[in-house]
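Read through the structure below, which is laid out as structure tokens, and then see the notes.
In the working numbering, the protein residues as written are 179 to 757.
Below is the structure:
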């Protein structure tokens, strides 16, 4: 089991480049952190980036400083985060419901689609998830401890983990453990737990780590303004609208809607959605049992449900916000499997067999993706034999394991059936996924565009016009670290600013992201066959936009990625300044 999980993590973490959204931005911040003198405030393209505290960038930056700027280097710490998450949830399941529950909880936590996405993505969510998982383990140990020493160790472990979680993604780290503790106290009517001194001793460790960083930020340039963005705009502003400039109105993006998380929850829990439904059904049917017998269920509910409720009423919503609550679902699955060998009914069997069918459907979907990727990049592929062999072996193994699981469940060999389901999913993540990543890398290779822009702009100033964070990041990493910047959106005022810059420096080149995407021939044909429209191919005579023509700018160079972004390098039509 552990070998399959490690291989799955390894392919997703180490086997691909930086992908949008977010990863190019996070990579640039980590790269900057590897050499910037002051490390208290992360920098994006040289400007303070106060959305997240710096722990993630410290660790990734240290790896970059030693091993270089390759994508796998920046994500190498994610292997540690993923392993820490799995071990913490596994120990939580083991202490709560026994050894089998621990193994199942660790495997489920590692392979929920949402938690797997968090584990392989270069972002602050992977260390946050690991910190929350360890904090929940400490909370369980402290809350159900029989001795003072055990209680002190548990709660101290919780506080230490939360301190690291805070330095990864601010006070968001506190939400799941704090709500879980309050829910358990109210549910069990253990009000005295809130008065125990062991619960609060570890706060000194949190305070020491967090306030030390806060003090260093405050003492630095524009410290008070940076702290306001860290703790007001970016934290409170995620849950409600606050008085802030438009650029710092975080509630304006990723807008929430009623029931969004519930509607999307089956996707977050895939491919184990049906198993979670079966586990929830059993928990409901056994709700009459004593609190001691249902302790794992209560802890699981306290971990997941209150956080789901809070996030459902927040102003913003992203799937990754719910990831720290997933250890509760993994624990529920572990409890369900523990009792599965002594008592199960046809609904439990149907859930496992239904999961086998879902995985067979996934095999078909992955096979289609491999075929499309293969057709799209076959002409430039250097290892065609490897592509075909690895993809076929992974697909065949996944199908074989899913069918084996179906048969094992039918014969009553439930543990073998569950192991077959896990290996089937891991085979997909290791085999065809590894080859799909290679094709997607070509669509996401912003580094190639950055290096091309730098070659074409040699010895000339560069101005970024209305760039997004991704554009600023890859220009900073792969082109040059010193450029002019005209923030968006494109308005008369921003055009006037660009005019003034060009009057002062008429030799400047302007980088602008062209609208639309550059579909490859394969994808244009596929869209046409599916009736999704056809994107016109990029023409060599494509004209500059109206605002550029008004400034006497023309397109000097064009850059595009297959099925990806398009950029233009603009220059003045003459060597003279604008009049």
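Glycine included, every Cβ here is placed at the ideal spot set by N, Cα and C.
Every value quoted in this text rests on a predicted model; they were computed, and no experiment measured them.
- Query: Three or more C-beta pairs closer than 8 angstroms, one from the segment 548–559 and one from the segment 692–701: is that the case here?
  - Reply: yes
- Near residue 478, what residues of its chain come up, given a Cβ to Cβ distance below 6 angstroms and the 5 sequence neighbours on each side ignored? If we look at residue 478 and ignore the five residues flanking it on each side, its Cβ neighbours are 506, 509 and 510.
- Where do the ends of the beta strand (DSSP E) carrying residue 742 lie? 742–750
- Reduced DSSP secondary structure (H/G/I, E/B, other) of residue 290: coil
- Task: Keeping to the same chain, check which residues put their C-beta closer than 8 angstroms to that of residue 672; ignore five residues upstream and five downstream.
- Result: 643, 644, 664, 665 and 666
- Of all the beta strand (DSSP E) runs that stay within the bounds of the segment 609–667, which reach a length of 3 or more residues? You should have 640–643 and 662–664.
- Query: CB-CB under 8 angstroms to residue 300, same chain, minus the five flanking residues each way: which ones, in chain order?
  - Reply: 196, 200, 201, 204, 205, 208, 238, 249, 252, 253 and 256
- Message: Let me check understanding here. Comparing Cα to Cα, which of 356, 391, 453 and 497 lies closest to residue 440?
- Response: 497
- Query: CA-CA distance, residue 323 and residue 329?
  - Reply: Inter-residue distance for residue 323 and residue 329 is about 5 angstroms (C-alpha atoms, whole angstroms).
- Item | For residue 349, the three-state DSSP class (helix, strand or coil) | coil
- What span of residues does the alpha helix (DSSP H) with residue 274 cover, start to end? Residues 249–275.
- Item | Own chain partners of residue 398 with C-beta closer than 8 angstroms, once the 5 adjacent residues on each side are dropped | 216, 218, 219 and 404
- DSSP on residue 191, reduced to helix/strand/coil? helix
- Query: Looking at the unbroken alpha helix (DSSP H) that takes in residue 735, where does it start and where does it end?
  - Reply: Premise fails: residue 735 lies in the beta strand (DSSP E), 731–738, not in any alpha helix (DSSP H).
- Query: Counting pairs of Cβ atoms below 8 angstroms between the segment 459–478 and the segment 264–275, do you hit three or more?
  - Reply: Yes, the segment 459–478 touches the segment 264–275.
- Message: Is it the case that the segment 511–528 contacts the segment 281–298, given that we only count it when at least three CB pairs across the two stretches are under 8 angstroms?
- Response: Below 8 angstroms, enough C-beta pairs join the segment 281–298 and the segment 511–528 to call them touching: three or more.
- Task: Please specify which runs of the alpha helix (DSSP H), each continuous and at least 4 residues long, are wholly inside the segment 277–327, giving them in chain order.
- Result: 277–289, 291–298 and 303–321
- Would you mind reading off the limits of the beta strand (DSSP E) that contains residue 690? 687–696
- Message: Do residue 684 and residue 606 have their beta-carbon atoms positioned less than 8 angstroms apart in this structure?
- Response: no
- Task: Would you mind giving the Cβ-Cβ distance between residue 308 and residue 515, rounded to the nearest angstrom? I have them listed as a contact below 8 angstroms.
- Result: Residue 308 to residue 515, Cβ: 23 angstroms. No contact.
- Among the residues of its own chain, which have a CB less than 7 angstroms from the CB of residue 668, if the five just before and after it don't count? 644 and 725
- Message: Along the chain, where does the alpha helix (DSSP H) containing residue 565 start, and where does it finish?
- Response: 562–588
- How many whole angstroms separate the CB atoms of residue 310 and residue 343, which I take to be in contact at a CB cut-off of 8 angstroms? 6 angstroms
- Are at least three pairs of beta-carbons, each pair with one atom in the segment 219–233 and one in the segment 290–297, less than 8 angstroms apart? For the pair of segments examined, the segment 219–233 was found not to touch the segment 290–297: the number of CB pairs separated by less than 8 angstroms stays below three.
- In terms of residue numbering, what span does the alpha helix (DSSP H) encompassing residue 481 cover? Note, residue 481: alpha helix (DSSP H), 473–490.
- Message: Tell me which residue opens and which closes the alpha helix (DSSP H) that residue 727 is part of.
- Response: 724–728
- Message: Three or more C-beta pairs under 8 angstroms: does that hold for the segment 485–502 against the segment 369–376?
- Response: The segment 485–502, when compared against the segment 369–376, does not touch it at the 8 angstroms Cβ threshold.
- Should residue 708 be labelled buried (16 or more other beta-carbon atoms within 10 Å of its own) or exposed? exposed
- Same chain, Cβ closer than 6 angstroms to residue 345, five either side skipped, listed in chain order: 231 and 233
- Cα separation between residue 542 and residue 655? 38 angstroms
- Query: Using the C-alpha atoms, what's the distance from residue 211 back to residue 651?
  - Reply: 13 angstroms
- So what's residue 368 in DSSP terms, helix, strand or just coil? If DSSP states are grouped into helix, strand and coil, residue 368 belongs with coil.
- Sort 184, 297, 614 and 481 by Cα distance to residue 562 and report the nearest one. If we check each option's Cα against that of residue 562, 614 comes out closest.
- Query: What residue from 483, 528, 527 and 739 has the CA that sits closest to residue 360's CA?
  - Reply: 483
- Query: Can you give the Cα-Cα distance for residue 577 and residue 600, rounded to whole angstroms?
  - Reply: 12 angstroms
- DSSP-derived helix/strand/coil call for residue 400: Annotated three-state conformation of residue 400 is coil, per DSSP.
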